[in-house]
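Engineer:
Protein chains: 2
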Amino acid sequence: MAAVLNDAPRRRRREETRTRLMEAAIRVFAGAGFERATVDEIVRQAGFSKGAFYVHFESKDDLFRAMLEERISHQLEAFRQGVDQTLPLTDNVRTILSGVFGLVRNDPQWAPLFLEFGAHAARNDGVRQQLATMYERWREILTDILIRSREAGRMRKDLDITFITMVLIAAVEGCILQSHVAPETVRLDKMVEPLTLTLAEWLAPE
Amino acid sequence: MAAVLNDAPRRRRREETRTRLMEAAIRVFAGAGFERATVDEIVRQAGFSKGAFYVHFESKDDLFRAMLEERISHQLEAFRQGVDQTLPLTDNVRTILSGVFGLVRNDPQWAPLFLEFGAHAARNDGVRQQLATMYERWREILTDILIRSREAGRMRKDLDITFITMVLIAAVEGCILQSHVAPETVRLDKMVEPLTLTLAEWLAPE
DNA sequence: GATAAGATACTGACTGGTCGGTATGTGAAC
DNA sequence: GTTCACATACCGACCAGTCAGTATCTTATC
Chain A
1 MAAVLNDAPR
11 RRRREETRTR
21 LMEAAIRVFA
31 GAGFERATVD
41 EIVRQAGFSK
51 GAFYVHFESK
61 DDLFRAMLEE
71 RISHQLEAFR
81 QGVDQTLPLT
91 DNVRTILSGV
101 FGLVRNDPQW
111 APLFLEFGAH
121 AARNDGVRQQ
131 LATMYERWRE
141 ILTDILIRSR
151 EAGRMRKDLD
161 ITFITMVLIA
171 AVEGCILQSH
181 VAPETVRLDK
191 MVEPLTLTLA
201 EWLAPE
Chain B
1 MAAVLNDAPR
11 RRRREETRTR
21 LMEAAIRVFA
31 GAGFERATVD
41 EIVRQAGFSK
51 GAFYVHFESK
61 DDLFRAMLEE
71 RISHQLEAFR
81 QGVDQTLPLT
91 DNVRTILSGV
101 FGLVRNDPQW
111 APLFLEFGAH
121 AARNDGVRQQ
131 LATMYERWRE
141 ILTDILIRSR
151 EAGRMRKDLD
161 ITFITMVLIA
171 AVEGCILQSH
181 VAPETVRLDK
191 MVEPLTLTLA
201 EWLAPE
């Protein structure tokens, strides 16, 4: 008996703790990488004890999976945001590019974390599949835009849309990578406009 | 006294041991990542003892640096190989692409290792600079080809060569990344020709 | 509205195992 | 008999995960 009827405050507290642990984890993982990140440091930064951690996560691996999922959905949201099918292709591309690049520039943890995810994908098939699905979603969003643009006669008809989406995503990711390795040489904020124009030129009907 | 006048055989033996340790290290690092890769496993795969390792490398970090250096020069070699300034731009691009993609496809350790390097670059400024220098060299090679092509009147004159090299490298790296995460969806061997043709079309004089 | 009973959220000391690095030994080449 | 190249045994630090204990809430009973 003694059924707990009102556990809303408890739930809120739980949620809050979990969130704080996750936020700390993202910082620590981004700064130290998966292996060097210690549970002790995460709970220290979150202001909790080790016991609290194991109330909310089964293991360090479990935390990693949760983090990956959260980050991917966050990422997809940013990708989708601002896409407006009634606008011309070029506008949508520009919005997506500045959205994604802006996210990377405003969040110093973005690049280290995704490199960590990538490195893990090489060893963990679950992680690899999650990332593959993320790319799949990206391509779907872009494919939608391109198909509509082609149907509206605003795009060349002799191009392979699958190929275009691959190359576009590849270019975006590659730019992010280079800007992370050589931030003085490759400035993301200066890339949005040239990339947009180049793509527009490439896709424009003759 | 007792000066060793003929230490050539010793040297050879030393070199061989070091090489075998490096080769084993590359395997282990690619398979497990820097932190999870243990010195014990490396020497086991190389067929030596831990003592041998510390004769040739100061520390695990030292080994990592040596490996990075070796891989980068190896990588640059592959990039440079086959470039022939007397041939048209398109041929050179095709050669470079199939060279780099071929390297990645034939060496399963390539992608995991470079993702590992990338993840480390986020935390270690020395590693970051080494990778930045590598990108710099790549760009130099491409810039050379493009300038000659432009001077020969075989390329549009209104394009920013720096931008082109960045995007080209970004696209290549991005394709490699995607093919690693989703090998069924993105096939590198099918990308060489479309990429070459797209670039040729982009750069061709009106 | 006081109190007992029990659930929940969290604490923090402890352990078992792992692993980088070292100290010392050994056999071969010269 | 000295030096070089490597082998072996060991140490100490670190860290993921455990678990018995505590503080704080909610509900039930009077």
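If you're matching them up, the sequences are chains A and B in order.
The first sequence begins at 1 in this note's numbering and counts up by one.
The second sequence begins at 1 in this note's numbering and counts up by one.
We put the CB at the ideal spot given by N, CA and C, even for glycine.
This one's a predicted model, so the numbers in the text were calculated from it and none came from an experiment.
(1) Could you check where the alpha helix (DSSP H) with Phe182 (chain A) kicks off and where it finishes?
(2) Could you check the C-alpha separation between Asp84 (chain B) and Leu199 (chain B) for me, to the nearest Å?
(3) Is there a Cβ of chain A sitting closer than 8 Å to that of Val100 (chain B), yes or no?
(4) Considering only their Cβ atoms, is the gap separating Pro88 (chain B) from Arg156 (chain B) smaller than 8 Å?
(5) Measure the C-alpha to C-alpha separation of Arg71 (chain B) and Val39 (chain B) and round it to an integer number of angstroms.
(6) To the nearest angstrom, how far is the alpha carbon of Ile164 (chain B) from that of Gly174 (chain A)?
(7) Once the 5 residues before and after Ile147 (chain A) are set aside, which same chain residues still bring their CB inside 7 Å of it?
(8) Ends of the alpha helix (DSSP H) at Lys50 (chain B)?
(9) Taking all protein chains shown into account, do 16 or more other C-beta atoms lie within 10 angstroms of the C-beta of Arg14 (chain B), making it buried, or fewer, making it exposed?
(10) Below 7 Å on C-beta distance, what does Glu140 (chain A) contact in chain B?
(11) Below 8 Å between beta carbons: does that hold for Leu159 (chain B) and Phe101 (chain B)?
(12) Confirm, please, whether the CB-CB distance from Ile169 (chain B) to Gln45 (chain A) is below 8 Å.
(13) Do Glu35 (chain A) and Arg105 (chain B) have their CB atoms nearer than 8 Å?
(14) On a Cα-Cα basis, can you pick out the residue from A:Arg150, A:Ile145 and A:Phe117 that is closest to Ile26 (chain A)?
(15) Thinking Gln81 (chain B) and Gly99 (chain B) are a contact (beta carbons under 8 Å), I'd like their distance in whole angstroms, please.
(16) Is there a Cβ from chain A that is less than 8 Å from the Cβ of Glu110 (chain B)?
(17) Mind reading off the beta-carbon distance from Ala52 (chain B) to Val43 (chain B)? Whole number of angstroms is fine, and I expect it under 8 Å.
(18) Quick one: does Asp24 (chain A) have its CB under 8 Å from some CB of chain B?
(19) For the stretch 113-134 of chain B, which residues have a beta carbon sitting closer than 7 Å to at least one beta carbon of chain A?
(20) Using the three-state DSSP reduction, which class does Met134 (chain B) fall into: helix, strand or coil?
(21) Only counting the same chain, and skipping five residues up and downstream in sequence, which positions put a Cβ closer than 6 Å to that of Ser149 (chain A)?
(22) Among B:Arg20, B:Ala78, B:Glu77 and B:Asp91, which residue has its Cα nearest to the Cα of Phe57 (chain B)?
(23) Quick check on Ser59 (chain A): does DSSP put it in helix, strand or coil?
(24) Could you confirm whether any beta carbon from chain A is found closer than 8 Å to the beta carbon of Gly51 (chain B)?
(25) Would Gln178 (chain B) pass as an interface residue toward chain A - the criterion being a Cβ-Cβ separation below 8 Å?
(26) Write down every uninterrupted run of the alpha helix (DSSP H) in the stretch 54-105 of chain A whose length is 4 residues or greater and which is fully enclosed by it, in chain order.
(27) Given a threshold of 16 other Cβ atoms within 10 Å of its Cβ, counted over all protein chains shown, does Ala152 (chain B) qualify as buried or as exposed?
(28) Within the same chain, show all residues whose beta-carbon is closer than 7 Å to that of Arg137 (chain B), passing over the 5 residues directly before and after it, in chain order.
(29) For Gln109 (chain B), which residues in the same chain have their Cβ closer than 7 Å to its Cβ, ignoring the five residues on either side in sequence?
(30) Rounded to whole angstroms, what is the Cα-Cα separation between Asp125 (chain A) and Ala119 (chain B)?
(31) Quick check on Met209 (chain A) - is its C-beta less than 8 Å from some C-beta in chain B?
(32) How would you label Leu68 (chain A), buried or exposed, when you count the other beta carbons within 10 angstroms and need 16 or more for buried?
(33) What first and last residue would you give for the alpha helix (DSSP H) that runs through Leu199 (chain A)?
(34) Just by C-beta distance, which residues in the stretch 157-178 of chain A are closer than 8 Å to chain B?
(35) Applying the criterion that 16 or more other CB atoms from any shown protein chain within 10 Å of the CB defines a buried residue, is Gln129 (chain B) buried or exposed?
Structural biologist: Let me spell this out:
(1) Per the sequence shown, the amino acid found at residue 182 (chain A) is Ala instead of Phe. According to the DSSP assignment, Ala182 (chain A) belongs to no alpha helix (DSSP H), since it is labelled neither H nor E.
(2) As the crow flies, the alpha-carbon of Asp84 (chain B) is around 18 Å from that of Leu199 (chain B).
(3) Residue-level contact by beta carbon fails for Val100 (chain B) and chain A, as no gap is shorter than 8 Å.
(4) With a cutoff of 8 Å on beta-carbon distance, Arg156 (chain B) and Pro88 (chain B) are scored as not near each other.
(5) Looking at the two C-alpha atoms, the distance is approximately 19 Å.
(6) Note on geometry: alpha-carbon atoms of Ile164 (chain B) and Gly174 (chain A) lie some 13 Å from one another.
(7) Only Ile161 meet the Cβ criterion.
(8) If you look at Lys50 (chain B), you'll find it in the alpha helix (DSSP H) that goes Lys50 to His56.
(9) It counts as exposed.
(10) Residues of chain B passing the Cβ test: none, with the nearest at roughly 12 Å.
(11) Cβ atoms of Leu159 (chain B) and Phe101 (chain B): not closer than 8 Å.
(12) Contact: no.
(13) Contact flag unset, no.
(14) Cα-wise, what sits closest to Ile26 (chain A) is A:Phe117.
(15) Yes, they are in contact, since the Cβ atoms of Gln81 (chain B) and Gly99 (chain B) sit about 6 Å apart, within 8 Å.
(16) The residue you asked about is not Glu; residue 110 (chain B) is Trp in the sequence shown. Not one chain A Cβ lies under 8 Å of Trp110 (chain B).
(17) Confirmed, about 6 Å.
(18) In the sequence as presented, Asp is not what sits at residue 24 (chain A); that position holds Ala. Chain B contact via Cβ: absent.
(19) Closer than 7 Å at the C-beta level to chain A, one finds these residues of the stretch 113-134 of chain B: Leu115, Glu116, Gly118, Ala119, Ala121, Ala122, Arg123, Arg128, Leu131 and Ala132.
(20) It is helical.
(21) So the qualifying residues of the chain are Leu89 and Met155.
(22) Cα-wise, what sits closest to Phe57 (chain B) is B:Arg20.
(23) Coil at Ser59 (chain A), not helix or strand.
(24) At a cut-off of 8 Å between beta carbons, Gly51 (chain B) makes no contact with chain A.
(25) Answer yes: the Cβ-Cβ gap between Gln178 (chain B) and chain A drops below 8 Å somewhere.
(26) Runs of the alpha helix (DSSP H) lying entirely within the stretch 54-105 of chain A and spanning at least 4 residues, in chain order: 60-80.
(27) Exposed is the call here.
(28) Contacts found: Leu76.
(29) Around Gln109 (chain B): Ile26, Arg27 and Ala30.
(30) If I take the Cα positions, the gap works out to 18 Å.
(31) Since the displayed chain A opens at 1 and closes at 206, residue 209 (chain A) lies outside it and no answer follows.
(32) By the beta-carbon neighbour count (other beta carbons within 10 angstroms, threshold 16), Leu68 (chain A) is buried.
(33) For Leu199 (chain A), the enclosing alpha helix (DSSP H) covers residues Val192 to Leu203.
(34) Per Cβ criterion, the list reads Asp160, Phe163, Met166, Val167, Ile169, Ala170, Ala171, Val172, Glu173, Gly174, Cys175, Leu177 and Gln178.
(35) Taking a 10 Å sphere around the C-beta of Gln129 (chain B), we find fewer than 16 other C-beta atoms and assign the residue as exposed.
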